[in-house]
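Right, one structure below, let's go through it.
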Amino acid sequence: MGEVPESTPPPRPAQPQQPGASAVGLESSSPQSSQLPVGIMRSSVRGPVVNDGEDSTDSTPLLQGARQAEAAPACCSARYNLAMLAFFGFFVLYALRVNLSVALVDMVDSNTTLAENRTSKECADHSAPIKVLRNQTGKRYQWDAETQGWILGSFFYGYIITQIPGGYVASKIGGKLLLGFGILGTSVFTLFTPIAADLGVAALIVLRALEGLGEGVTFPAMHAMWSSWAPPLERSKLLSISYAGAQLGTVISLPLCGIICYYMNWTYVFYLFGIVGIFWFVLWMWLVSDTPETHKTISNNEKEYILSSLKNQLSSQKSVPWIPILKSLPLWAIVVAHFSYNWTFYTLLTLLPTYMKEILRFNVQENGFLSALPYFGCWLCMILSGQAADNLRAKWNVSTICVRRIFTLIGMIGPAVFLVAAGFIGCDYSLAVAFLTISTTLGGFCSSGFSINHLDIAPSYAGILLGITNTFATIPGMVGPVIAKSLTPDNTVREWQIVFCIAAAINVFGAIFFVLLAKGEVQKWAVSDYHGHKN
């Protein structure tokens with residue numbers, strides 16, 4: 000088999016002959032394969048299977064194969080329609096996730112939390128007292144700070160349970176139904192939030208946990224779908240578009256929820272986003288298919304482009320290689336990076352309003368734009384970084400692993416630096432907002448770094464891999480705020496500096512760990528049936 004590639008290059012017209020190519024490629028992962036013509040593009044895709052290959056082996060053959068294949072236009076294509084529908088799906092998903100954190104302010108009787116005021120006096124008060132009262136028609140509840148913490152945290156207890164099962168089920172039945180019903184279930188439960196609040200704290204906590212169960216399957220299901228839909232050289236673009244909806248959902252829902260609470264009452268927050276989620280579900284079920292083969296309106300050109308670009312990267316075996324997966328160092332590199340990134344992400348997501356209010360003495364809820372600004376920056380960065388990453392691979396011939404390492408380093412080291420800087424600038428509110436915004440914005444680079452590396456190393460099991468990494472990455476959302484609160488008993492600037500430094504150190508460690516152990520090629524265990532597959 001090793002001699003065949005030597006005889007194939009001269010005749011150019013033989014390039015499109017794909018059937019013989021897949022058999023040729025089992026042993027053609029050497030550097031010389033980068034000089035092979037398109038005739039063996041299928042074989043060069045097989046090359047990256049070996050997990051102990053050099054970094055260069057994961058990109059050049061794949062690049063040349065994809066470059067020579069006739070790429071289907073992006074405009075109005077089925078794969079980009081899927082990306083846009085997924086974008087709006089994750090927009091709704093994060094709106095459903097963060098709406099309670101805003102509405103809770105109006106749900107709680109202000110007299111209950113008045114005695115627990117922990118506002119520091121180190122910094123001057125930046126906010127002017129609000130003269131106009133909010134709409135008071137919504138019912139108020141006597142929930143103390145600890146109860147509120149349980150209500151907000153209960154989401155993660157449901158969310159962490161369905162990560163791995165969601166990835167496994169998606170690999171068996173496809174991600175369309177799982178993602179669709181996950182968001183539908185969360186939307187329906189959201190509509191019942193006012194009723195659950197009336198029934199008591201226990202009912203609301205159970206409801207939020209059920210919402211977490213529904214949302215827990217969504218990211219693994221989406222990754223599983225992209226394993227069949229995303230050509231390797233378009234992965235960064237397509238996935239960054241779809242997942243950027245989460246950031247935009249945060250950007251818009253934070254101020255919008257505040258406006259709804261102010262002019263109407265908090266119950267309408269849940270009714271609005273619940274109805275929007277149900278409407279999205281109808282569109283999703285109508286317009287989306289699990290694979291290009293089952294899509295009703297996809298063009299033959301696009302279908303062939305997608306299928307040929309993924310040929311020999313997918314496994315046909317029905318059983319999941321759990322032991323090789325759990326022993327894979329590249330997977331654990333993603334786990335550590337994902338955990339580390341989310342520690343900083345959740346620290347900012349949950350504690351930024353607290354830091355602004357109690358240390359800098361500016362209530363972020365008075366200004367929806369400022370509270371949403373960091374996430375707008377992250378959304379923009381995700382979109383642009385996806386374009387940049389795929390351009391580096393397609394036009395500059397940069398290896399996959401090199402791109403993933405660069406974008407992960409920028410997306411984790413950058414936020415760490417500015418997070419520490421934000422803690423050490425004292426009471427300068429303007430600089431604090433600027434540094435925290437830059438920190439969150441730079442985190443958007445990770446969407447083209449470790450976040451999609453699952454698809455690089457094991458496309459067939461990408462949903463399961465994301466379920467594993469996201470299970471670990473959910474832990475910071477559960478314990479991070481608790482640890483931060485224990486580190487700030489007196490609520491001083493110095494105590495918050497420790498919180499920010501710990502988050503930054505974890506981020507740096509995760510980035511270094513990923514750079515050292517990550518891979519950019521399909522792992523051997525991910526196509527363990529390749530010796531007898533498609534010969």
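Take the sequence shown: its position 405, counted from the start at 1, is 404 in numbering that gives the first Met the number 0, and no numbers get skipped. Glycine residues also receive a C-beta, built at the ideal position from the N, C-alpha and C atoms.
As assigned by DSSP and simplified to three states, the class of residue i
| i | result |
| --- | --- |
| valine 287 | coil |
| valine 216 | coil |
| valine 200 | helix |
| proline 30 | Note that proline 30 scores 37 on pLDDT, short of 50, meaning its location in the model is unreliable and no value can be drawn from it. |
| valine 416 | helix |
| valine 107 | strand |
| arginine 11 | At arginine 11, the pLDDT of 41 sits below 50, so the modelled position is not reliable; the number obtained from the coordinates is stated separately. Arginine 11 falls in the helix class under three-state DSSP. |
Residues of its chain near residue i, where Cβ-Cβ distance is below 8 Å and the 5 sequence neighbours each way are ignored
| i | result |
| --- | --- |
| valine 514 | Arg404, Thr407, Leu408 |
| threonine 290 | Gly173, Ser227, Trp228 |
| asparagine 300 | Glu69, Ala71 |
| alanine 371 | Thr249, Val250, Ile251, Leu253, Pro254 |
| glycine 137 | Asp105, Met106, Cys260, Asn264, Trp265, Thr266 |
| tryptophan 495 | Tyr354, Ile358, Gly422, Thr487 |
| isoleucine 159 | Gly211, Gly215, Thr470, Thr473, Ile474, Met477 |
Check whether residue i and residue j have beta carbons under 9 Å apart
| i | j | result |
| --- | --- | --- |
| leucine 379 | proline 414 | no |
| alanine 238 | serine 447 | A small fix is needed here, since residue 238 is leucine in this sequence, not alanine. Contact flag set, yes. |
| isoleucine 382 | alanine 243 | yes |
| serine 535 | glycine 519 | The chain is shown from 0 up to 534; residue 535 falls before or after that span and cannot be answered. |
| asparagine 506 | leucine 435 | no |
| tyrosine 374 | leucine 271 | no |
| isoleucine 463 | proline 219 | yes |
| valine 205 | serine 153 | yes |
| glycine 606 | phenylalanine 191 | Given a span of 0 to 534 for the chain in the structure shown, any question on residue 606 remains unanswerable. |
| proline 329 | leucine 454 | no |
| alanine 85 | serine 252 | no |
| threonine 249 | valine 97 | yes |
| cysteine 122 | leucine 351 | no |
| proline 193 | phenylalanine 344 | no |
| phenylalanine 368 | alanine 245 | no |
| asparagine 311 | valine 526 | yes |
| leucine 313 | threonine 439 | no |
| cysteine 302 | alanine 82 | It should be noted that the sequence gives lysine, not cysteine, for residue 302. No, they are not a contact pair. |
| threonine 349 | glycine 479 | yes |
For residue j and residue i, believed in contact at Cβ under 8 Å, the rounded distance
| i | j | result |
| --- | --- | --- |
| leucine 203 | alanine 195 | 5 Å |
| glycine 443 | glycine 410 | 7 Å |
| glycine 157 | alanine 208 | 4 Å |
| isoleucine 324 | tryptophan 142 | With a Cβ gap of about 42 Å, isoleucine 324 and tryptophan 142 do not count as contacting. |
| alanine 332 | phenylalanine 512 | 6 Å |
| isoleucine 305 | proline 230 | 6 Å |
| isoleucine 412 | arginine 234 | No, isoleucine 412 and arginine 234 are not in contact; Cβ-Cβ is about 23 Å, not under 8 Å. |
| valine 521 | proline 458 | 7 Å |
Same chain, Cβ closer than 7 Å to residue i, five either side skipped, listed in chain order
| i | result |
| --- | --- |
| glutamate 53 | Low local confidence applies: a pLDDT of 37 at glutamate 53 is under 50, so the model's placement there is unreliable, with the coordinate-based value given in what follows. No residues qualify anywhere along the chain. |
| serine 100 | Leu151 |
| phenylalanine 87 | Gly244, Trp279 |
Cβ-based neighbour list, residue i, same chain, cut-off 6 Å, excluding 5 preceding and 5 following
| i | result |
| --- | --- |
| serine 186 | Gly273, Gly276, Ile277 |
| valine 498 | Ala483, Leu486 |
| alanine 472 | His337, Phe338, Asn341 |
| alanine 503 | Ala415, Leu418, Val419 |
| alanine 169 | Leu177, Pro219, Ala220, Ala223, Gly462 |
| isoleucine 501 | none |
| isoleucine 437 | Phe417 |
| tyrosine 167 | Ile463 |
Chain C contact for residue i (CB, 9 Å cutoff)
| i | result |
| --- | --- |
| isoleucine 497 | No chain C is part of this structure, which consists of one protein chain only. |
Any contact of the region 168–175 with the region 281–293, i.e. 3+ C-beta pairs under 8 Å? Counting Cβ pairs under 8 Å, three or more are found: they touch.
Answer yes if the region 273–282 comes into contact with the region 69–76, meaning at least three C-beta pairs across the two stretches below 8 Å, and no otherwise. Counting Cβ pairs under 8 Å, fewer than three are found: no touch.
Can we say the region 97–111 touches the region 290–299, given the rule of at least three CB pairs closer than 8 Å? With the cut-off at 8 Å, the region 97–111 and the region 290–299 do not touch.
Touch test, the region 387–395 against the region 314–323, Cβ-Cβ under 8 Å, three pairs minimum: Judged by Cβ distances under 8 Å, the region 387–395 makes no contact with the region 314–323, as fewer than three pairs qualify.
For the region 335–344 and the region 256–269, state whether three or more C-beta atom pairs, one from each stretch, are separated by less than 8 Å. Because the criterion of three Cβ pairs below 8 Å is not met, the region 335–344 and the region 256–269 do not touch.
Is it the case that the region 458–474 contacts the region 148–168, given that we only count it when at least three CB pairs across the two stretches are under 8 Å? Contact holds: three or more Cβ-Cβ distances are below 8 Å.
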